[in-house]
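Position one of the sequence shown corresponds to residue 165 (our numbering), numbered consecutively onward.
The next block holds one structure in the form of structure tokens; read it before the comments.
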Amino acid sequence: MSEKLSFLTPDTSQIRHQIKGVLESYSHEWDILAELSQNAVDAIVRATPTRGHIELTVNAQAGTIEIQDNGVGIAPADLLRLLRPFASDKGGHTNQIGQKGVGLTFVLFSTVSFELETHEASGSATAAVHGASSWANSDDNTDLLVEVGAIATETAGTRIKIKLADHDLPLFDLTFAELTFALRTRTALGSTNFIWGEPLNCDVKFSHIDRSGNANAVEFDCNYLLPTEKLKSDDYISVDDYLEWRSESDRSDAEKRRKLKDRIVYFKGKKYQAGRDIKYWSCFVPNRAVWQTLSELHGLSVEHVEDDMADGDDMFVGFKFSGGLSTSSKGMPTGIFLELKPRGSAGYFPNFFIIVEDPSLSFDIGRKSIQGRQQGMLREIAYEEFRRYVRDFVKYISGSIDDPDPSYDREELFAEIASIAELDSSSSKFAKRPNSQEATVAAMFFEQLGAGQFSSFVPLISGYRGRYDLYGKIGAKSQVVEFKFDLSGLFRDFSDERKMFDEINTVVLWEITEKDRSIVSKRGLTLTEIGGGLLTTTNSKFPGAHFRLNLDGVKSIEIVSMRKILKPGE
Ligand SMILES: Nc1ncnc2c1ncn2[C@@H]1O[C@H](COP(=O)(O)OP(=O)(O)OP(=O)(O)O)[C@@H](O)[C@H]1O
Ligand SMILES: [Mg+2]
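Written as structure tokens, this is what we have:
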């Protein structure tokens, strides 16, 4: 004979055991606020009101917390069940952050009094529990009772008011600024979704009364507090904007330093990995003191420094901005920092911050740590980002603008110069030929001018108003002279030929190259040699000019080739 019996209904002592387990798994000052906030945000996301509103009051003097949302509410028929440990109705809802059904249990069993009011489509209800905390910690066999009632409220949403059992809770020692910071960087009220353009449509009014009765209040949108939030746009720059600026022209290292120096460089990235989109926001600060400056900017006292404790994988970084790898899931910052183990360039680790959003993070009860395999993936993303900052940015962000370019190596440069072709000219002191740049061409011109060449040309002034290279005269006639290595360089400067022929009289260059000749014919110009060369000046206006570049047979520019004058190697 046998019979089938249900055997999985727990008795009071077993439930109490479960509840104690839940209570013991939480360890952060902000945990109660995080669980209440997470539930409020979930309820709002589900209800999609025109605008979500959350009102949160922490009264450290009275030892109470009150939170009100305009979310979906709780159906009176479900209320008692949902107050039990491990009860959740969020399974299968991918837009809901809650998953385990323990957050409310943790809150409830931390209180001497718990009052809830809720309105849902099917009706309204109230529930009150007194002495939940001491019940959990006692071992008598009495049942814990909940007082339920009905109220006439049409205000959608839920209001929870609790008085905490432990009035010495560290939560009540936090300053208004620290709490605001914690709410926006460690709870669902600081939604990271806005970083990726999908802000949570919700705002918060947070009021605080500290232990001495000082009252403060602030209203904010439910957005994560990025380190750059209060800064002037000059103080930071995105990697994307920098790369665009860099691609606009050939930027020298000095320009790059000027662009990045003393600025926070940040990057918004996305990676498809392990079947999901992993998003991240990272930044690199010029020096560690920046974290302190930022913290002070947000009213966070940096003296009130917690011991930076690294308890296994759980790092406590305190209520201040800092470097590190932080995590978020479904828009909720977890407050969990993963330790980065130095592996090369470790000295820069404190300059680096990253928050990685992974929609599928799984936590332990108490949300203190992330499953091991997932940690590895998050760390890899952080390391890769970090290495890029070290490789591409460090040398420009920190250090002085006037510092010599670290990549500039004198010896190397002179070795390079040694390999440039010898000039070997009896009429010039220069030892090397100009290497595709006009400065040497100009210098050689002036050297020859001083030695008596171009005798009827009188130089007046160089580079006046930065427009043309040299202004001078031949007799009463004014002359505009440009220096170039070759003609191609001149064409690069003048896309409009007519303008070039109108404004320039003479171009002094090193030589006419084959490439120049083909550009000339492509453009429908003609290039003719002026007979006689060096000694005959009859055909040219500019003494000793070698070529004439013609446009439509009327306008022309004369060309002096320094190579023809200096005759290298002859
Ligand atoms: N502010 C609220 N508005 C509507 N329903 C709520 C609210 N707070 C709690 N609930 C209901 O109570 C249930 C239990 O909440 P609890 O925080 O314990 O679990 P959870 O959010 O589902 O999961 P987690 O343990 O991961 O937070 C929720 O699933 C939800 O149905
Ligand atoms: Mg919850």
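Ideal Cβ placement from N, Cα and C applies to all residues, glycine included.
- Excluding its 5 nearest sequence neighbours in each direction, residue 459 has C-beta neighbours in its own chain below 7 Å: 466, 484, 485, listed in chain order.
- Secondary structure of residue 649 (DSSP, three-state): coil.
- Straight-line measurement puts the Cα of residue 426 at about 55 Å from the Cα of residue 239.
- Distances taken from the Cβ of residue 261 to the heavy atoms of ligand 2 include one shorter than 8 Å.
- According to the DSSP assignment, residue 598 belongs to no beta strand (DSSP E), since it is labelled neither H nor E.
- Here residue 520 is not near residue 561, since their CB atoms are 9 Å or more apart.
- When the beta-carbon positions are compared, residue 216 and residue 365 come within less than 9 Å of each other.
- Beta bridge pairing from DSSP links residue 714 with 690, 720.
- Residue pairing for residue 623: DSSP places it in a beta bridge opposite 636.
- The Cβ-Cβ distance between residue 647 and residue 609 falls below 9 Å.
- Judged by DSSP in its simplified three-state form, residue 676 adopts coil rather than helix or strand.
- In the same chain as residue 342, and ignoring 5 residues on each side of it, the C-beta atoms closer than 6 Å to its own belong to 483, in chain order.
- Here residue 602 is buried: its Cβ has 16 or more other Cβ atoms, across all protein chains shown, within 10 Å.
- Between the C-alpha atoms of residue 338 and residue 576 there is a straight-line separation of about 58 Å.
- An exposed status is given to residue 334, since fewer than 16 other beta-carbon atoms sit within 10 Å of its beta-carbon.
- Look at residue 267: its beta carbon is less than 8 Å from one of the heavy atoms in ligand 1.
- DSSP lists no beta-bridge partner residue for residue 356.
- Here the distance from the Cβ of residue 182 to the nearest heavy atom of ligand 1 is not below 8 Å.
- Pairwise C-beta distances place the segment 348-366 out of contact with the segment 402-411, as fewer than three of them are shorter than 8 Å.
- Here the C-alpha atom of residue 207 lies approximately 44 Å from the C-alpha atom of residue 556.
- Beta-bridge partners assigned by DSSP to residue 291: 280, 312.
- Taking 9 Å as the cut-off, the beta carbon of residue 268 is found no closer than this to the beta carbon of residue 293.
- Across the structure, residue 221 and residue 411 are spaced so that their CA atoms are roughly 51 Å apart.
- With a cut-off of 8 Å, the C-beta of residue 246 is classified as near ligand 1, since at least one heavy atom of the ligand falls inside that distance.
- In this structure, ligand 1 has a non-hydrogen atom nearer than 8 Å to the beta-carbon of residue 204.
- Judged by beta-carbon spacing, residue 432 lies within the 9 Å limit of residue 443, meaning their Cβ atoms are closer than that value.
- In the structure shown, residue 370 falls within a strand segment according to DSSP collapsed to helix, strand and coil.
- For residue 615, no alpha helix (DSSP H) run applies, since DSSP gives it neither H nor E.
- With contacts defined by Cβ atoms closer than 9 Å, residue 731 and residue 591 form a contacting pair.
- Between residue 450 and residue 515, the C-beta gap is smaller than 9 Å, which places the two residues in contact.
- Look at residue 207: its beta carbon is less than 8 Å from one of the heavy atoms in ligand 1.
- Counting only residues of its own chain and dropping the five nearest sequence neighbours on each side, residue 344 has a CB closer than 7 Å to the CB of 370, 382.
- DSSP, read as helix, strand or coil, puts residue 665 in helix.
- Remark: C-beta atoms of residue 316 and residue 288 approach each other more closely than 9 Å.
- Residue 388 sits in coil when the DSSP states are folded into three classes, being neither helix nor strand.
- Of the heavy atoms belonging to ligand 1, at least one sits nearer than 8 Å to the Cβ of residue 321.
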